[in-house]
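All remarks here apply to the structure that follows.
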Amino acid sequence: MQPDWYPAWRDEAFEQLTAKNARLAKDFRLGSWSRYDYDLTAGKLVFSDQSGVKVVSEIQIAGSTSAKAGNWLWAWANSNLPGNLLGDAKLVRAFGEEKGIDNLARAYVDDTGGDLEALGWELTAAMVRVCNVLGAYRSPRGEGGALYLVFKSVRWAN
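Numbers given in the numbering used here equal positions in the sequence shown, counted from 1, plus 67.
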């Protein structure tokens, strides 16, 4: 279930995310660094090259996709993730419950469109819009899945 306005809202959210990520690529060269590392305990995602850390960001976790299961799992429903990185995902759940948007309120969202990565970006874009964060990052995982992270802050390393 979803309200009539949701598809257009979701498409706008994706356009906004695309613009925000383009800005991060321009301002911080995200997508061009030779290495990235995330620390879910510290809530950080850092980008580096051979000379060291260049960009540091504070993150929240949106969710993850699983090619094996063919679905998305919201971060708030994953007991393996640290609770301090789930606040924004919980806001999305509350928004989905309030507005009657099942894909934002249910723990799992099945990939009915046959494009798991597109589903992950779509749901992450909804989180970026609801929480008004700076952008998002997709970290590939084993077996074709990915972990989707959102940026709370981004800065150059000192």
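Don't be surprised by glycine CBs; every beta carbon is placed ideally from N, CA and C.
Bear in mind the structure is a predicted one, so any value in this text is a computation, not a measurement.
- [ ] Return the Cβ separation of residue 139 and residue 176 in integer angstroms, given the expectation that the two are a contact with Cβ distance under 8 Å.
- [x] 4 Å
Task: Beta-ladder partner(s) of residue 69, from DSSP - done: Residue 69 pairs with nothing; no bridge assigned.
- [ ] Assign residue 72 to one of two classes, buried (16 or more other C-beta atoms within 10 Å of its C-beta) or exposed (fewer than that).
- [x] exposed
Open item on the list: Taking 6 Å as the cut-off, is the C-beta of residue 107 nearer than that to any heavy atom in the ligand NAP?
Closed with: Among the ligands in the structure shown, none appear at all, so the ligand NAP cannot be discussed.
Open item on the list: Assuming contact is defined by CB atoms lying nearer than 7 Å, are residue 212 and residue 133 in contact in what I supplied?
Closed with: yes
TODO: Measure the alpha-carbon distance for residue 118 versus residue 101 and round it to whole angstroms.
DONE: 10 Å
Task: Ranges of the alpha helix (DSSP H) found wholly within the stretch 153–211, counting only runs of at least 4 - done: 154–166, 169–172, 183–198
Task: Where residue 117 falls: helix, strand or coil (DSSP) - done: coil
Open item on the list: Does the contact criterion of 3 or more C-beta pairs under 8 Å hold for the stretch 167–185 versus the stretch 83–94?
Closed with: no
TODO: State the Cα-Cα distance for the pair residue 170 and residue 77, rounded to the nearest angstrom.
DONE: 11 Å
- [ ] Within 10 angstroms of the Cβ of residue 224, are there 16 or more other Cβ atoms? Answer buried if so, exposed if not.
- [x] exposed
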